[in-house]
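Shown next, in structure tokens, is the structure this report addresses.
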Amino acid sequence: MLQTFFEQTGHPELVILSAQWTLDIDWLLYFTRKDRIVFVPQQSKCTASMIEILEGLKAAFWLVITFDAELWEISLRSLRVTLTALLIASAIAIPLGTYLAVQRFRFRRFVISLINALMGLPPVVVGLVVYILLSRTGPFGVLDLLFTPTAMIIAQVIIITPVIASIAHQSMRELWAEYHDLLISLNTSKRQRILTLIWDGRRNLLTAALAGFGRAIGEVGAIMIVGGNIDHVTRVLTTAIALETGKGDFALALGLGFVLIGLAILVNLAIHTLSQTEREGRW
Amino acid sequence: MTQMFPLTLDQVLVRRRGKAVIGPTNLVLQPDGPTIIIGPNGSGKTTLLRVMHGIERVTSGTVAWQHNDPSQHAFVFQSPIVLRRSVYENLAYPLRLIQTPKPEVAQAVDHWLERIGLADMRHSPALRLSGGERQKLAIARALIRKPQVLFLDEPCANLDGHATREIEALLQEATAAGTRLVMSTHDMGQARRLAQELVFMLGGKVHDVGDAETLFTSPANKELSAFLRGDIVT
Chain X
552 MLQTFFEQTG HPELVILSAQ WTLDIDWLLY FTRKDRIVFV PQQSKCTASM
602 IEILEGLKAA FWLVITFDAE LWEISLRSLR VTLTALLIAS AIAIPLGTYL
652 AVQRFRFRRF VISLINALMG LPPVVVGLVV YILLSRTGPF GVLDLLFTPT
702 AMIIAQVIII TPVIASIAHQ SMRELWAEYH DLLISLNTSK RQRILTLIWD
752 GRRNLLTAAL AGFGRAIGEV GAIMIVGGNI DHVTRVLTTA IALETGKGDF
802 ALALGLGFVL IGLAILVNLA IHTLSQTERE GRW
Chain S
613 MTQMFPLTLD QVLVRRRGKA VIGPTNLVLQ PDGPTIIIGP NGSGKTTLLR
663 VMHGIERVTS GTVAWQHNDP SQHAFVFQSP IVLRRSVYEN LAYPLRLIQT
713 PKPEVAQAVD HWLERIGLAD MRHSPALRLS GGERQKLAIA RALIRKPQVL
763 FLDEPCANLD GHATREIEAL LQEATAAGTR LVMSTHDMGQ ARRLAQELVF
813 MLGGKVHDVG DAETLFTSPA NKELSAFLRG DIVT
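Residue numbers (this note's numbering), protein chains in the order written: chain X, 552 to 834; chain S, 613 to 846.
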């Protein structure tokens, strides 16, 4: 029976030596491996997790170095959807955050509070609302966008725009306090002030955009609902991970997870390098 | 070029949180300068300059120019504000705001970089400059559009003698080039060196105004006399 158990768990080479295992699997595992007796005292769960992680790393490594077609397709789709959403959200959020920093108007505080509150918008709710809006019977059903990457982009834009706007507003407010007297004394127009702040605060805005990217690339709830996780159409890394986890293929799920983390790090590094934020001596 | 002066401040009052910062007070500035504003801390020198420049709203009273053209004003703040850009871009900024053609921008910036001795640092971030260098940069940036009037709020505060001398030379050149200076200072030596007209502020009001030489040699009242002697005047 025990032998069968190990065969089922994918480790047929392991043989149980102690009957204690039957008493408490969580506390003690004794088994042999390749003629050697290996003792794994206690915390079998931890050992099992380590095996899963190692398997995940191995899976990720093989998926990457063998240029697995499906992995590349999913990864590129993830990047395309997220970067498009990021561009659109940044184009809305950065001028909005800067405008809120330089302009005083009646409901300004309320708008700022609302944006800050929307940072915690539950993605599943966003997904649901976008789903209803884009469904056949919804107001935008005629556009036939449901279960397309466009629908996923729309959902992501809604989720990350408040994140970027809020962080952008915070940094632009500080810069505006620094520049206020100078820009007023130079008789600048509102547009010139906003453009100056955006240009001079671009490093901070980059951080805001990257925060939005981080939120978007790891998002699963909304895009699962509006995208549907359709193979070769709307499947992205996060939804693929959810699917593999559901199927019980933890190694592949972890592999995809590692690819996702690697991708996020790579994009961050690439943006920092391209924008030359750390270039010595020059701006 | 249309003459902007005289500048007339009539019963100007500025209140902040219910407290009068300056005024009600009157002042008339004629085309001839430079005008140096002196007075103890908190007497309203900075607020008066800001009111004249138009970046501080008055609670009541009027500030009337013969012909006001805000693009012909410039202001240099006590703590120089530098943009988070290179030295070159800081100087080019005011010209770019008014869509000056690129070759003219380059020519003017190069001239001023040479003049203030920062040509070698043209690509350095302006925030890396020393206090004196920043103030020179701020003055050059203010003068690059050849304003008719330049307001300066204690531009040499916290600077050493060498930097002060360089800045005074810049200001004298600007005056010679036709820019009307209105400047506040705590440095009586500097006031004597630069002033043609002297304004003495006390308790938020213009206490005395007149020809600098006359006021320095024979102060019109005991408060100004005490202030010029270095006594504490409140």
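Cβ atoms here follow ideal geometry from the backbone N, Cα and C, with glycine treated the same way.
key: Helix, strand or coil at Gln593 (chain X) according to DSSP, with G and I counted as helix   = Reliability fails at Gln593 (chain X), whose pLDDT of 49 lies under 50, so the model's placement of it is uncertain and no value is given.
inquiry  = Tell me which residues of the region 673 to 702 of chain S have at least one Cβ-Cβ distance to chain X shorter than 8 Å, keeping chain order.
reply    = Pro682, Ser683, His685, Ala686, Phe687, Phe689, Ile693, Leu695, Arg696, Arg697, Ser698 and Glu701
request  = Please look up how many angstroms separate the CB atoms of Leu697 (chain X) and Leu685 (chain X), rounded, as I've assumed it's under 8 Å.
outcome  = 4 Å
query = Expressed to the nearest angstrom, what Euclidean distance is found between the alpha-carbon atoms of Ser830 (chain S) and Ala824 (chain S)?
reply = 10 Å
message = Any contact between the region 606 to 614 of chain X and the region 795 to 809 of chain X? By contact I mean 3 or more CB pairs, one from each, below 8 Å.
response = yes
task = Confirm, please, whether the CB-CB distance from Val818 (chain X) to Phe764 (chain X) is below 8 Å.
result = yes
request  = Check the Cβ of Lys767 (chain S) against every Cβ in chain X and list those closer than 7 Å, keeping chain order.
outcome  = Looking at the sequence shown, residue 767 (chain S) is not Lys but Pro. Those do not exist, as Pro767 (chain S) stays about 14 Å from chain X at its closest Cβ, beyond 7 Å.
request  = Could you pull out every residue in the same chain whose Cβ sits closer than 6 Å to the Cβ of Thr620 (chain S), ignoring the five residues on either side in sequence?
outcome  = Val640 and Ala676
query = Is the region 757 to 773 of chain S touching the region 781 to 800 of chain S in the sense that three or more CB pairs, one from each, lie closer than 8 Å?
reply = yes
Neighbourhood of Leu574 (chain X) by C-beta, 8 Å cutoff - its chain only, sequence neighbours within 5 removed = At Leu574 (chain X) the pLDDT is 37, less than 50, meaning the model places this residue with poor confidence; the figure from the coordinates comes in the next sentence. So no residue of the chain qualifies.
ask   = From Leu749 (chain S) to Leu748 (chain X), what distance separates their C-alpha atoms?
value = 20 Å
ask   = Leaving out the 5 sequence neighbours to the left and right, which residues in its chain are closer than 7 Å to Pro674 (chain X) when beta-carbon positions are compared?
value = Ile710, Glu770, Gly772 and Ala773
Chain-ordered chain S contacts of Asn738 (chain X) [CB-CB under 7 Å] = Pro682 and Ser683
task = Indicate whether Ser698 (chain S) and Ala738 (chain S) have their beta-carbon atoms separated by less than 8 Å.
result = yes
ask   = Just by C-beta distance, which residues in the region 705 to 723 of chain S are closer than 7 Å to chain X?
value = Pro706 and Leu709
request  = Going by DSSP, name the residue or residues bridged to His685 (chain S).
outcome  = S:Val761
query = For the candidate residues X:Leu825, X:Arg766 and X:Arg724, whose alpha-carbon lies nearest to that of Arg659 (chain X)?
reply = X:Arg724
request  = My understanding is that Phe617 (chain S) touches Gln684 (chain S), with C-beta atoms under 8 Å, so please give their C-beta distance in whole angstroms.
outcome  = With 8 Å as the limit, Phe617 (chain S) and Gln684 (chain S) do not qualify as a contact, their Cβ atoms being about 11 Å apart.
task = Name, please, each residue of chain S whose Cβ falls closer than 8 Å to the Cβ of Ile735 (chain X).
result = Ile667
inquiry  = Please confirm whether Glu729 (chain X) has its beta-carbon closer than 8 Å to some beta-carbon of chain S.
reply    = yes
key: Beta-carbon proximity of Val653 (chain X) to Ile745 (chain X), cut-off 8 Å   = yes
Sheet register partners of Arg631 (chain X) (DSSP bridge) = DSSP output for Arg631 (chain X) lists no bridge partner at all.
ask   = Is the CB-CB distance between Ala636 (chain X) and Ile704 (chain X) below 8 Å?
value = yes
ask   = Any C-beta of chain S sitting closer than 8 Å to the C-beta of Asp732 (chain X)?
value = yes
query = Hey, Ala759 (chain X) and Ile718 (chain X) are a contact pair by Cβ (cut 8 Å); roughly how many whole angstroms apart?
reply = 4 Å
query = Between Leu661 (chain S) and Leu814 (chain S), what straight-line distance do the alpha-carbon atoms span, to the nearest angstrom?
reply = 14 Å
query = Does DSSP classify Leu793 (chain S) as helix, strand or coil?
reply = strand
inquiry  = Buried or exposed for Asn680 (chain S), going by 16 or more other Cβ atoms inside 10 Å?
reply    = exposed
ask   = Excluding the five sequence neighbours on either side, which residues of its own chain have a C-beta within less than 6 Å of the C-beta of Lys817 (chain S), listed in chain order?
value = Thr637
ask   = Is the region 798 to 813 of chain S in contact with the region 640 to 655 of chain S, if contact means three or more CB pairs nearer than 8 Å?
value = yes
task = Please indicate yes or no: does the CB of Asp843 (chain S) lie closer than 7 Å to some heavy atom of the ligand HEM?
result = This structure lacks the ligand HEM; in fact it carries no ligand of any kind.
request  = With a cut-off of 8 Å on the beta carbons, I'd call Thr659 (chain S) and Ile634 (chain S) a contact; round off their distance for me.
outcome  = 5 Å
message = Any beta carbon from chain S within less than 8 Å of Gln721 (chain X)'s own beta carbon?
response = no
Within 7 Å of chain S by C-beta, residues of the region 749 to 766 of chain X in sequence order = Asp751
request  = Just mark His819 (chain S) as buried or exposed, buried being the case when its beta carbon has 16 or more other beta carbons within 10 Å.
outcome  = buried
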